[in-house]
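Numbering (my numbering), first residue to last: 134 to 513. Glycine included, C-beta positions come from ideal geometry on N, C-alpha and C. Every value quoted in this text rests on a predicted model; they were computed, and no experiment measured them. Below is one structure, written out as structure tokens; the observations come after it.
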């Protein structure tokens, strides 16, 4: 942690502060130093520092590691935990705050759509083994979430939301100006309600009456067995929170299955290679290999006379099909390994084998072949 301030000091909280106190401190600090509202030339760096401190202290696993080791990384993290905070491109914490400061402003004609929370999209990588059996991933990400203080209503205790007296609930006001061409009519968002059509007499201090605040969230996502790259999982209500309790958007998770060192996947089939000796290829054999499931053993039967590169198929040892049904196939490409060095005994045996094959070949050539050979000898 050299060169960095203590995260608790950055947020101004005690080391035993609970999550609500940590979030409140983060929002307070972020409002002060965010580049959209601060004139400090170092505002961007200060906001990054505050955001980094919050991303660690708001996460129980990271916080435990930080308290013990001085770093967010440590033994407490495992493969089922995925932190995808601040990878949304235009929807990182910085832009989430920009959206928060901007509120839900705009023309009243689109008020219904504007109040609803937007969908959020992320990409999640999993291993082929995880795709085969299904898994649960704990996702850590940033979003505008319902305000803890007001429960998403945007109202402080005893407050109420009322029709804006200026625009009479329309969300916009119309003005008329005289010109040489006559009266000119124009419409603009109402300055009192900022285009909402309603006003709150005592808005929630934590969310400024929006009913939502920037937050570091956690979600346990169940991934079904057989999922493939490009499959999208939609989690309703876990995208951007709606304005003052309006419907939240969805979190759309696109699955990316990582490449495997032994298997290649095509639909529900798995392709691999199995290596046999030239004797095994000639006589036939059964080779047992490890399957994609943990502890699974797959018997691959190599028929006698199998040639290099020939494929053999084992039914029921591929990927599971989403929604049930039989698993796909395992297709093994046979690699015939020729020994680079031979012992004297092995060489002798192979030479005897060659002689036997030559004799069999000669027996099947017929009388005509021997006559042609004799003529060739005379001409030579």
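- Taking C-beta separations shorter than 6 Å and ignoring five residues to either side along the sequence, the partners of residue 250 in its chain run 372, 373, 374, 375, 381, 382, following chain order.
- By the Cβ criterion, the stretch 294-311 is not in contact with the stretch 393-411, since fewer than three pairs of Cβ atoms, one from each stretch, lie closer than 8 Å.
- Nearest Cα to residue 281 within the set 153, 330, 167: 153.
- Setting aside the 5 residues that flank it on each side, residue 448 is surrounded in the same chain by 462, each with a C-beta closer than 6 Å to its C-beta; the list follows chain order.
- Per DSSP, the unbroken beta strand (DSSP E) holding residue 253 starts and ends at 253-259.
- Apart from sequence neighbours up to five positions away, the residues of its chain that approach residue 410 with a beta-carbon distance below 7 Å are 470, ordered along the chain.
- The beta-carbon separation of residue 271 and residue 213, rounded to 6 Å, stays under the 8 Å limit for a contact.
- DSSP places residue 361 in the coil class of the three-state scheme, outside both helix and strand.
- Residue 231 carries a helical assignment under DSSP once its states are collapsed to helix, strand and coil.
- A straight-line Cα-Cα distance of about 43 Å links residue 490 and residue 460.
- Contact check for residue 414 and residue 435: beta-carbon distance about 7 Å, within the 8 Å limit, so the pair qualifies.
- DSSP links residue 310 through a beta bridge to 317.
- For residue 337, the closest C-alpha among the options 158, 260, 345 is that of 345.
- For residue 152, the enclosing alpha helix (DSSP H) has its first and last residue at 152-166.
- In the DSSP assignment, residue 274 falls within the beta strand (DSSP E) that extends over 268-279.
- Contact between the stretch 251-270 and the stretch 323-337 is not established, with fewer than three Cβ pairs separated by less than 8 Å.
- Residue pairing from DSSP places residue 214 in a beta bridge opposite 271.
- Listed as beta-bridge partners of residue 418 by DSSP are 435.
- By the criterion of a C-beta distance shorter than 8 Å, residue 339 is surrounded in its chain by 157, 160, 280, 281, 282, 283, 346, once the five residues flanking it on both sides are discounted.
- As a beta-bridge residue in DSSP terms, residue 397 pairs with 404.
- Out of 484, 299, 360, the CA that lies nearest to the CA of residue 263 is found in 360.
- Per DSSP, the unbroken alpha helix (DSSP H) holding residue 179 starts and ends at 176-190.
- Non-local C-beta neighbours of residue 285 in its own chain, meaning closer than 6 Å and more than five positions away in sequence, comprise 279, 344, 378, ordered along the chain.
- Annotation for residue 470: the continuous beta strand (DSSP E) segment containing it runs 463-470.
- In the structure shown, the three-state DSSP call for residue 303 is coil.
- The beta carbon of residue 167 sits closer than 6 Å to those of 180, 230, all from its chain and outside the five residues before and after it, given in chain order.
- With a 10 Å radius around the Cβ and a threshold of 16 neighbouring Cβ atoms, residue 412 comes out exposed.
- Here residue 444 carries a strand assignment [DSSP, helix/strand/coil].
- Contact holds between the stretch 141-150 and the stretch 182-196, because three or more Cβ pairs, one in each stretch, are under 8 Å apart.
- Residue pairing from DSSP places residue 355 in a beta bridge opposite 269.
- One Cα belongs to residue 363, the other to residue 320, and the distance between them is close to 45 Å.
- If you look at residue 333, you'll find it in the beta strand (DSSP E) that goes 331-333.
- Counted as a single uninterrupted DSSP element, the beta strand (DSSP E) harbouring residue 384 occupies residues 383-390.
- Counting along the chain, the unbroken alpha helix (DSSP H) around residue 193 starts and ends at 193-202.
- Taken through DSSP and simplified to helix, strand or coil, residue 485 comes out as helix.
- Distances from the alpha-carbon of residue 466 to those of 488, 433, 478 put 433 closest.
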